Amino acid sequence: MFNKTLCLMLALFTTIGVVTNADAVGASDVTLVGQKYGSMEMVRVDDCEGLTEAWELDCTASAKPGDFGLSFPAAPFDLQKGKVYTLSFYAKLSDVFDTITVSIDSDSGKKTAGFTYQLSGQWTQIFVPFKATGQEARITMTLGGEPQKVYVGGLRVEASGVPFEETKSGYYMVESDGWETVVIDWDQGMGIGECTDVIANGEYIYAITKRALHVFKTNGRGEDPTLVKSTEPYGDLRQMSMTDDKKAIVATARANEVYVFDISDPENPVVASRIDSIEAATGIDVQGKYCYIADRSYGVDIFDISDIYNPVMVSNIPAGESQDCKVYDGYLYIGIWGARKVRICDVRDVDNPKIIGDIQLRGRGDGVNIKDGILYAATGHMEDWEPQSTSQGYGNGNGMEIYDVRDPRKPVLLSRVRTDGQMYCSYPDIWRVSVAGDYAYLSSTYNGIYVYDTTDKRLPRRVAHIDVVTEKGEPGYADLKRKSTWVYPFDTEKVRNGALIDCDVQDGTMYIANTSNDLYVLHGKDYLAEATDENDSTVFPGQDYSGTYYTNDLAAMGFKNPKLFKPGSQVWSSARYGDYTYVASGSDGIYVIDDDMNVISQYPSNDITNDIQIVGNRIYAAENTAGLCIYEIDEASPEKITLKGTYKQGVMPIVEVAPSPDARYALVQTGNVSALLDVSDIEHPTLYKRFPYTMVYQNQMTRECAQDRYLMIYTPYSKTVVCDFGEDGSYEKPEIHTSWKINSSKHRVGGLAADGDFVLAMVGDSVCRFDPSNEEVYKMPLGSNPDLQLFQVKGVHGKPSVIGDYVFVADRMSGDLSILKLSEDRSEPPVLVKEATFKGNPARATAVGERVYLPLGYGGLASFDMAGLSSED
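Using numbering that gives the first Met the number 0, the letters of the sequence shown map in sequence onto residues 0 to 872.
In structure tokens, the structure reads:
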């Protein structure tokens, strides 16, 4: 492949406006870094289009990263301060995975720019953008230190001519190096709509779209798939997993939670049950009797689904922002998004799952897969911690990492691969990987699907890149670049690629989930395996469990006269009418209980009951896909309730509700946005106004009205809605303000609560109070706003509830409850008087007289005395 020749000169070019051959650097100017570790010489190249020769860096002894490489002066390029340049080069490994670190240094040795790049065994051109400081003296390129031959050539430094954000950056594998591009026409889909996941199971293919489950039947080896069933709409279906006996499918649906489908009749799936996940159900895996649900920020839930009609919550792993998970040999591997990790948990004892370690990724974590003790982790978006569009890692973290996890406590990195070009947009932020024999299939949204031959796990080879494409003027085309910070690996003004987020292979056929459009089928490629590998675990979680995970000794935790209602379902909230407490109990519906926590009556709801509020004798219940349900309490027999009216918008889930002072309106969270409903006619509620501000998850609104007139709902990265109903609801129509951006980059709001005439907000690790009628408040974010009180309370995070002179700050994610004592006139900083950590997910507290009621999720509903919370009581 290489014919070694002695080269007298390395050509380095600088370009300003047009390409020129000026400023060539003599061979004597290129120096070897780390001579004791190996040698360097120029060799002939005949397998890389556009490249005829390259430096061969022969590392013959193990070196530390940064000890071995090459270096050359920057002076010939006349780098001008403030201008943007691109350093580009070709590189290729010979034996094992390694990295190359580019460092642009000043005379004093200070690094002015640089980045560490992942190298491949196939020729790849790498582009390194940088803004010159005028102090650049040398450019150094050093390897990770693996003993092998590494080839580097085609070095160029060019003036960009465009801003940093528009300058070419990242990885571009040379297409002539043994792989093919496959382009599927946009109009070749199967006609079911936006597909989010697919499972091939013998002659049946199961695919989910954002609303339904579809069943196809094939005519042998994937030929002529025919649609035989599409279910009714269900919800925001995201990902699915099949039980070992192939008789059930469990599908996550974000805020719509989880659906369990009985497919014992493979052509007629039916909903067997609903699973009430702790938060937005995202990733999923099923092994044996257990189902593992990745709950976004709330970790992973473990359910027993041995009876698919009656799932049982077993435990939860508070692992952080969990996107996907897979269990293997008694250990659970979780793709952690924002922290860029794979978190490893020991789940052999499902009563006591334990986090045992992390793998730090070079991109945001999501899809994981394990085969033969080898972990494949899909990554996306950013390759470095700094998510700024002026960093070299911006949009270059899309790819896959391979680890040896045969000893899960000591994972070993084997290799990393990268997709071509930059890609970053806020949605879909999904990337998955499946494995079949010696092939790994990386589904990387707008990057397409990359197929790798992983026979050599330390140096995978790309064999194919698959895209679904439409051009401008053709059906399906849209310019995707709606924000200046979004980048795509294609020209969005000319073409649109599909967001390919999953695939499955069977009988030499690939089934492709394109969440932009449809399900696609690909045949006739030798890298399409006979079947995706089954889980080959030999060690399994224990089949018996005690069910004691959600156990809290309230008295031992210091609560006075505690009582606990623990129905087995998840308790989201509670409200009071007369002598009874009405409990939103997830999949169990609504319970009516007395002060001793005895069940007086139960009302199964039409779907999962996520919230409950009472005004007068009317119950306002957020019942997920069943919508907002309004019940009337029988005043003579308050244990009896009657459904009077429902607001429902398709399968869009309603998960939280806050009525106006006179209950003519109700502010609701619907999906990941919010809306104001007109509920003055309880039998026929209607939509009054929908608010499109996204990133609304849970408990982001005030539950009660400040000054008996203001309700608010905030969004972390968008506008805050302020609804003014007038004093005691006197306005005929509410005044709605949506101009306030409540957050700043350094101060994120954790929750809002009414505090008499004021609103109290948790902002970072501070408590602030403001007058919602003061228009000056709405001109600046809370953390830097002079028109409010701001008191620091370090270590306190969560959703606040103000009860008398106390603030109960509940953090559902961590299980922490912090109780703050407020001064009577609110002029002094709050005092932390009590802390507790629950097995469960504490939510907003309410009070009845001197008793506090605290929902704990699957930990039940706790009640205890206000007395004794502080030393002053």
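Quick reminder that beta carbons are idealized off the backbone N, C-alpha and C, glycines included.
The structure displayed is predicted, hence computed values, not measured ones.
Residue span of the beta strand (DSSP E) that contains F873, given as start and end:
Residue 873 lies beyond the range of the chain shown here (0 to 872); nothing can be said about it.
Test: F71 CB closer than 9 angstroms to a CB of chain D
In the displayed structure, chain D is absent; only one protein chain is listed.
Would you check if the segment 808-824 and the segment 790-800 touch, i.e. whether three or more CB-CB distances between them fall below 8 angstroms?
Taking a cut-off of 8 angstroms on C-beta distances, the segment 790-800 touches the segment 808-824, as three or more cross pairs fall below it.
Endpoints, the beta strand (DSSP E) within which I741 is located:
Where I741 is concerned, there is no enclosing beta strand (DSSP E), given that its DSSP letter is neither H nor E.
Can you have a look at N20 and say buried or exposed, based on whether 16 or more other CB atoms are within 10 angstroms of its CB?
Legend: pLDDT at N20 = 37, less than 50; position of this residue unreliable, value from coordinates given subsequently. That one is exposed.
Looking at the structure shown, is D22 part of a helix, part of a strand, or coil, going by DSSP?
At D22, the pLDDT of 41 sits below 50, so the modelled position is not reliable; the number obtained from the coordinates is stated separately. Note: D22 maps to coil in three-state DSSP.
With DSSP as the reference, label P64 as helix, strand or coil.
coil
Label P128 either buried or exposed according to how many other C-beta atoms from any shown protein chain fall within 10 Å of its C-beta, with 16 as the threshold for buried.
The C-beta of P128 has 16 or more other C-beta atoms within 10 Å across all chains shown, which makes the residue buried.
Alpha carbon of I681 to alpha carbon of E622, nearest angstrom:
16 angstroms
Would you say S93 and G120 are within 9 angstroms of each other, going by their C-beta atoms?
Result yes, Cβ atoms of S93 and G120 sit closer than 9 angstroms.
Excluding the 5 residues flanking V17 on each side, which residues of the same chain have their C-beta closer than 7 angstroms to its C-beta?
Only weak support is given to the placement of V17: the predicted model assigns it a pLDDT of 29, under 50, and the question is left unresolved by the model.
So K793 and Y805 are supposed to be a Cβ contact under 8 angstroms. How far apart are they, rounded?
About 19 angstroms separates the two Cβ atoms, so there is no contact after all.
Bridge partner(s) assigned by DSSP for V285:
C290
Going by DSSP, which residues form a beta bridge with D303?
Y289 and V311
Assess, as a yes-or-no matter, whether the segment 440-448 is touched by the segment 193-209 under the definition of 3 or more beta carbon pairs within less than 8 angstroms.
no
Out of curiosity, what's the CA-to-CA distance linking V214 and P684?
V214 and P684 have their alpha carbons spaced roughly 36 angstroms apart.
For A463, which residues does DSSP report across the bridge?
E179 and V450
Please confirm if the segment 181-188 is in contact with the segment 93-110, defined as three or more CB-CB distances below 8 angstroms between the two stretches.
no
Distance, Cα to Cα, V269 vs F260?
5 angstroms
Here's the rule: buried if 16 or more other CB atoms are within 10 angstroms of the residue's CB, otherwise exposed. What is Q117?
buried
For Q187, three-class secondary structure by DSSP
Helix at Q187.
Which of helix, strand or coil DSSP assigns to D595:
coil
Figure out for me which residue from A760, V591, G585 and K559 has the closest Cα to the Cα of Y576.
For Y576, the closest alpha carbon among the candidates A760, V591, G585 and K559 is that of V591.
L831, DSSP secondary structure in three states:
strand
Kindly list the residues whose CB is nearer than 7 angstroms to the CB of L868, restricted to its own chain and excluding five residues on each side of it in sequence; keep chain order.
Counting only Cβ-Cβ distances below 7 angstroms, and skipping sequence neighbours, we find Y805, I818, V832 and K833.
Mind checking whether N609 and A574 have CB atoms under 9 angstroms apart?
no
Which partner residues of K820 appear in the DSSP bridge assignment?
Y805 and V830
Tell me whether the beta-carbon of Y84 lies closer than 9 angstroms to the beta-carbon of G420.
no
Please report the distance separating the alpha-carbon of L518 from that of V349.
36 angstroms
Can you tell me the Cβ-Cβ gap for F71 and I125, rounded? I've got them flagged as a contact below 8 angstroms.
The pair is not a contact, with the Cβ atoms about 16 angstroms apart (cut-off 8 angstroms).
Please go through the segment 688-730 and give each complete beta strand (DSSP E) segment of 3 or more residues, from N-terminal end onward.
709-712 and 719-723
What are the residues that DSSP puts in a beta bridge with V151?
W54 and A90
Can you tell me whether A512 sits near the ligand GDP, meaning its C-beta is under 8 angstroms from at least one heavy atom of the ligand?
Ligands in the displayed structure: none, and consequently the ligand GDP is not present.
For D764, which residues in the same chain have their Cβ closer than 8 angstroms to its Cβ, ignoring the five residues on either side in sequence?
Q791, V792, K793, G794, V795 and H796
Reference Y664, options C704, K35 and A635, closest by Cα
The residue with the shortest Cα to Cα distance from Y664 is C704.
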